[in-house]
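**Q**
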Amino acid sequence: MNANVRSGVRSNAVITAIGSYVPERILTNADLEKLVDTNDEWIVQRTGIRERHIAAECQFTSHLGVAAVQNMIERYNISITDVDYIIAATSTPDAVFPSVASQVQSHFGIEGCGTADIQAACAGFTAAIQLANGLLLSGAYRKVLVIGAETLSKITDYTDRTTCILFGDGAGAILMEASDEGQGDVLAVYSKTDGARGHLLYRSSLSSILGGEEIKTNGLIVQNGREVYKWAVSQVAESVNTLLERSGLTTADIDWFIPHSANMRIIEALCERTGFTLDKTLSSIKWYGNTSAASIPLALDEAVKAGSVRNGQQMLLFGFGGGLTQAGVIIRWSL
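Heads up: the sequence shown begins at 991 in the working numbering, then just goes up one per residue.
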């Protein structure tokens, strides 16, 4: 049994493993042409998406999270029985409670382990890294499992041609551990929220008012795409530049830029406004679509498996979405 009461001795936080998973079923642009008035050329031109992976009817977010963690265990030949805390970032939990994190804990039989889900939409994974980093830096915990997992297909309105083309399902996971030697992997963090614009991108099953407007209550994703785009390319770009300034780094110091894979047009606009080049930008949008909290770990892990990400490289991860929330981290890859 792992002891989850610690001495409070300060330590550094390092990333020691990564894993990912996507469901087997693929939803192509040609498939969507049969559902709504759209076509492959229109979708690719406006979003950069060609395919998305879709969870089976009996497959839920915790199942995807478990599969991503299992992938990590097998690739790195590690045990997670001594993990102290699990943080799952998701907007599509199996249930309001119990949490997805607790279902992952149950599956792997981890004793003496704290768990929590966080809901920061597409900024969830980077927000979870920030929280895990804080727990490890405090000395209260030694191992924290961070998961970003979504089954957005279960809350997508497949009669809305502007949103149903975007979303897919998937999961990614990293293991963060306390280290008493060297420098930690998390070099800088940044967060910002604009709650007054929350009505531009939401999901609600209860009657309420956001931003002075009554919102839909069908439990599906509702998005004002035009306004979200304008916010992302202006406010998010400004925040990325602020994170760099506060860290004392420049784009030249960053080997990989990994923004949330909202759509390719937003990624291109962010690169233009921040000075990152597309050849140094990682995305999961083309073959996985917008997977919200899973998009950044999916993009990162694809590059790790391809051998593109190497030890010592510095990366800027930046999530943004419903809330409207933003969360960014600059990390040094030490795997």
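All residues carry an ideal CB built from backbone N, CA and C; glycine is no exception.
(1) CB-CB under 6 Å to isoleucine 1320, same chain, minus the five flanking residues each way: which ones, in chain order?
(2) Three or more beta-carbon pairs under 8 Å between the region 1271-1278 and the region 1207-1219, yes or no?
(3) Please classify phenylalanine 1087: does DSSP put it in a helix, a strand, or coil?
(4) Which two residues bound the contiguous alpha helix (DSSP H) that contains aspartate 1030?
(5) Rounded to whole angstroms, how far is the Cβ of serine 1096 from the Cβ of glycine 1312, which I believe are closer than 8 Å?
(6) Quick one: measure Cβ to Cβ for glycine 1038 and asparagine 1253, integer angstroms, because I've assumed they're closer than 8 Å.
(7) Can you tell me whether serine 1010 is buried or exposed, with buried defined as 16 or more other CB within 10 angstroms of its CB?
(8) State the Cα-Cα distance for the pair tyrosine 1148 and isoleucine 1044, rounded to the nearest angstrom.
(9) Is it buried or exposed, tyrosine 1075, if we count other Cβ atoms within 10 angstroms and call 16 or more buried?
(10) For histidine 1043, does the three-state DSSP call read helix, strand or coil?
(11) Where does glycine 1138 land, buried or exposed, given buried means 16+ other C-beta within 10 angstroms?
(12) Could you tell me if serine 997 is buried or exposed, where buried requires 16 or more neighbouring beta carbons within 10 angstroms of its beta carbon?
(13) Return the bridge partner residues of lysine 1182 from the DSSP annotation.
(14) If alanine 1007 sits next to leucine 1165, beta carbons under 8 Å apart, how far is it from one beta carbon to the other, in whole angstroms?
(15) Rounded to whole angstroms, what is the Cα-Cα separation between cysteine 1048 and glycine 1055?
(16) Exposed or buried, valine 1086, counting other C-beta atoms within 10 Å across all chains shown (16 or more means buried)?
(17) Do isoleucine 1033 and asparagine 1019 have their C-beta atoms closer together than 8 Å?
(18) For phenylalanine 1050, which residues of its own chain have a beta-carbon under 7 Å away from its beta-carbon, when the five flanking residues on both sides are left out?
(19) What residues in its chain sit with their C-beta under 8 Å from that of alanine 1227, if we drop five residues either side in the sequence?
(20) Would you list the one or two residues that DSSP bridges to leucine 1191?
(21) Can you tell me whether serine 1143 is buried or exposed? The criterion is at least 16 other CB atoms within 10 Å of its CB, across all chains shown.
(22) Buried or exposed: which applies to isoleucine 1199, given that a residue is buried once 16 or more other Cβ atoms fall within 10 Å of its Cβ?
(23) Consult DSSP for asparagine 1280 and reduce its assignment to one of helix, strand or coil.
**A** Inspection of the coordinates gives the following:
(1) Leu1177, Ala1178, Ser1237 and Leu1306
(2) no
(3) coil
(4) 1030-1037
(5) Going by Cβ atoms, the distance from serine 1096 to glycine 1312 rounds to 28 Å, so no, they are not a contact pair.
(6) 6 Å
(7) buried
(8) 13 Å
(9) buried
(10) strand
(11) buried
(12) Its pLDDT being 38, under 50, serine 997 is placed unreliably by the model, and the measurement read from it follows with that caveat. Exposed is the call here.
(13) Gln1316
(14) 4 Å
(15) 14 Å
(16) exposed
(17) yes
(18) Asp1084 and Thr1141
(19) Ala1259, Leu1260, Arg1263 and Thr1264
(20) Gln1213
(21) buried
(22) exposed
(23) strand
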